[in-house]
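Beneath this line is the structure, given in structure tokens, with notes to follow.
Number of protein chains: 2
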Amino acid sequence: MGAPMIECVPNFSEGRRDEIIEAIVRPFKNRKGCALLDSRADKDHNRLVVTVVGSPEPIEDALLEASRVAISHIDLERHQGGHPRIGAIDVIPFIPLQNIDLAGCVKLAHAFGKRFWEETGVPVYFYGEAALRPERRALEVIRKGQYEALKSEVVNPERRPDVGEPKLHPSAGASVIGARSFLIAFNVNLGTGDIAVAREIAKAVRASSGGLCHVKGIGLALEDRGMIQVSLNIVNYQKNPLYRVVEMIRMEAKRWGVSVVETEVYGMLPADAILDSAVYYLQVAGFDRRQVIDLALLDMASKNEVNA
Amino acid sequence: MGAPMIECVPNFSEGRRDEIIEAIVRPFKNRKGCALLDSRADKDHNRLVVTVVGSPEPIEDALLEASRVAISHIDLERHQGGHPRIGAIDVIPFIPLQNIDLAGCVKLAHAFGKRFWEETGVPVYFYGEAALRPERRALEVIRKGQYEALKSEVVNPERRPDVGEPKLHPSAGASVIGARSFLIAFNVNLGTGDIAVAREIAKAVRASSGGLCHVKGIGLALEDRGMIQVSLNIVNYQKNPLYRVVEMIRMEAKRWGVSVVETEVYGMLPADAILDSAVYYLQVAGFDRRQVIDLALLDMASKNEVNA
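Read top to bottom, the protein sequences are chains A and B. In this text, residue positions in the first sequence follow the numbering used here: the first is 890, and each later residue adds one. In this text, residue positions in the second sequence follow the numbering used here: the first is 890, and each later residue adds one.
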């Protein structure tokens, strides 16, 4: 078993001031043991989403450095934006990638939450798998009424932070730290203009209406293109693999005489998620990811055997 | 466009003496810019096959170091083994992986062949895409009669080396250097004991009997398992992708009422070869390999951005 590798997707409440955005992102760059995969700021949301992967320790160090920048430049008393938020460092999820499981990321989240409070003075709520109260598994419960409401409600026992005092940081609010599985955003576009079909198919596939346990989904119209879309989040690709979701949608679409025109993977996904589907369709027996040259190279790179 | 990355699979005529094998393999280990993926010695063949990937320069340096070891310990006058060979360093193919094409590997092979002769005194034949005479594209033409016959025939104009004098090295013979595309060894096992079916399907699929241009294949019986096998080499996976080969075999098998029980990938394959099939079956539009976390990490590792 090699070194644990995680993904972390911290969300900061700054999507407009370029120099601040850059200063927040900087600690994730050129840091030994972690790699910045993506950072995208949204002006309407007034929010910055950073995607970083690597070993837990350097990611945690970078998170604290970035958080100090965020705290000194973001004032929730004046912050406005389309996305719900309770703090300057709004959400920090730890996501297992390799050689660590979800339980391991829960431990990381708890230890980091404590350190975060101690070093920044910003109180912490735990969410997702790291939630200490069942209702706090859901982000929306913790963020209810956002910063503005939480400021006064934080003294109520049911809204008290999990770490820190029952009082928000005067400018940086509070932060939500947690652990979750890797999430794949996946869309399936269907050759009809009838949105009712997309809605019916979304219902058949998603957990909330009795479908696959780790799939969320809605039906949308793609009006420009005369197509409809089943827009999905696969929150556990090991239990609900891509091929099973696609084949289920193909099967359901058949009853309406509708075919899958194309699918889209939105954002990143782990190699295992896509290998798994290739191996299913090609019926490969006994396949080992180390047979993939690129992945064998990556294993070696992470063991410092390649320094090209 | 990043740095060129190649695979190289040198074959040495030593498969029995462990200390010599180890000394030949050693130069490929812990070398900056290249990674040893595999090395396997076969006692019956009395042959060692090394698989290495990385940048051309360090691979070439390692090849020369390993060759000097091979030359000082392998004597073709006494060498015996089941595999055809003409030299201590029998074959060196350069295979494009990334940011280099087959023509680029032909150039590498030609330049390296010259350097190899100058530094070792072993004459060189070019084969595969690097062949300077059309008949020498095929290894078997160059190796006809092996070391024993070539020793006297090397003076004949049609057997004269491409680089070096018309005379073999007194103990190390000659070497064959060339360029070829990456080759995927792929087997398809079918649920019948009737070998005739495997042979018919192999005929339908392979180039030599009019099938797919870059596929070689034969039908075999897997007697222990009561199955038959279509055993394939896909010599250009870009032009003849895995999914197309599998679907063609499924289609042909149908006429015999036979189904594909499983397939096998033997050895290594590039990520692109398997992504391509996943993307086909899942109908993913606009997919970019950099959406795969592991491959994005590898890109970064090769740019020295990850040093975990």
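By construction, the Cβ of each residue, glycine as well, lies at the ideal position given by its N, Cα and C atoms.
In the three-state scheme derived from DSSP, where H, G and I count as helix and E and B as strand, SER1064 of chain A is classed as strand.
Residue contact check for TYR1036 of chain A against chain B: no CB pair falls below 8 Å. Between VAL1181 of chain A and chain B, the shortest Cβ-Cβ separation is below 8 Å. A straight-line Cα-Cα distance of about 58 Å links ALA1020 of chain B and GLY904 of chain A. The beta carbon of ARG1139 of chain A lies closer than 7 Å to those of VAL1149 in the same chain, with the five residues before and after it left out. Going by beta carbons, ALA1096 of chain A and CYS1102 of chain A fall inside the 8 Å limit. ARG920 of chain A sits buried, since 16 or more C-beta atoms from the chains shown fall within 10 Å of its C-beta. Residue environment analysis places GLU908 of chain B among the exposed positions, since fewer than 16 neighbouring C-beta atoms fall within 10 angstroms of its C-beta. Proximity of GLY1175 of chain A to chain B, defined by a Cβ-Cβ separation below 8 Å, is satisfied. Annotation for MET894 of chain A: the continuous beta strand (DSSP E) segment containing it runs 894-897.
For the pair of segments examined, the segment 1053-1061 of chain A was found not to touch the segment 1110-1120 of chain A: the number of CB pairs separated by less than 8 Å stays below three. Exclusion of the five residues before and after GLY976 of chain B leaves ALA1061, GLY1062, ALA1063 and SER1064 as the residues of its chain whose Cβ lies within less than 6 Å of its Cβ. Exclusion of the five residues before and after ASP1177 of chain B leaves no residue of its chain whose Cβ lies closer than 7 Å to its Cβ. When DSSP states are grouped into helix, strand and coil, ASP964 of chain B belongs to the coil group. Taking a Cβ-Cβ cut-off of 7 Å, VAL995 of chain A has no neighbours in chain B, whose nearest Cβ is about 21 Å from it. Contact between PRO1050 of chain A and VAL1044 of chain A is ruled out by a C-beta separation of about 11 Å, above the 8 Å threshold.
Taking 8 Å as the threshold, the shortest C-beta distance from MET1137 of chain A to chain B does not fall below it.
DSSP, reduced to helix, strand and coil, places TYR1014 of chain B within a strand of the structure shown. Annotation: SER944 of chain A to GLU1151 of chain B spans about 37 Å, alpha carbon to alpha carbon. By the neighbour-count definition (other C-beta atoms within 10 Å, threshold 16), ALA924 of chain A is a buried residue.
Distance from the CA atom of GLY971 of chain A to the CA atom of ASP933 of chain A, rounded to whole angstroms, is 6 Å.
Secondary structure at ASP1165 of chain A: helix, using DSSP grouped into helix, strand and coil. Within the segment 1009-1029 of chain B, no residue has a Cβ lying closer than 8 Å to any Cβ of chain A.
Under a criterion of Cβ atoms nearer than 9 Å, the residues of chain A adjacent to GLY1156 of chain B are, in order, GLN1180.
If you look at CYS994 of chain A, you'll find it in the alpha helix (DSSP H) that goes 991-1009. Using a Cβ distance threshold of 8 Å, ILE989 of chain B and GLU896 of chain B do not count as a contacting pair. Under the three-state reduction of DSSP output, GLN987 of chain A falls in the strand class. Taking a C-beta cut-off of 8 Å against chain A, the contacting residues of the segment 1112-1137 of chain B are LEU1131, TYR1132 and VAL1135, listed in chain order. Separation of ASP950 of chain B and SER1166 of chain A (C-alpha to C-alpha, rounded to the nearest whole angstrom) is 39 Å.
Contact annotation for MET1189 of chain B against chain A: ALA924 [CB-CB distance below 7 Å, chain order].
The count of Cβ pairs closer than 8 Å, one atom from the segment 1017-1031 of chain A and one from the segment 946-966 of chain A, stays below three, leaving the stretches out of contact. For SER1166 of chain B, the chain A residues whose C-beta falls within less than 7 Å of its own C-beta are ALA1167, TYR1170 and LEU1171, listed in chain order.
If you keep only unbroken beta strand (DSSP E) runs of at least 3 residues inside the segment 1123-1190 of chain B, you get 1149-1155. As summarised for the segment 1057-1116 of chain B, the continuous beta strand (DSSP E) elements at least 3 residues long and confined to that stretch are 1064-1068, 1073-1079 and 1104-1111, given in chain order. Interface flag for PRO1159 of chain A against chain B is set, since a Cβ pair is found closer than 8 Å.
Sorting A:LEU937, A:THR1081 and A:VAL1011 by C-alpha distance to the C-alpha of ALA912 of chain A places A:LEU937 at the top.
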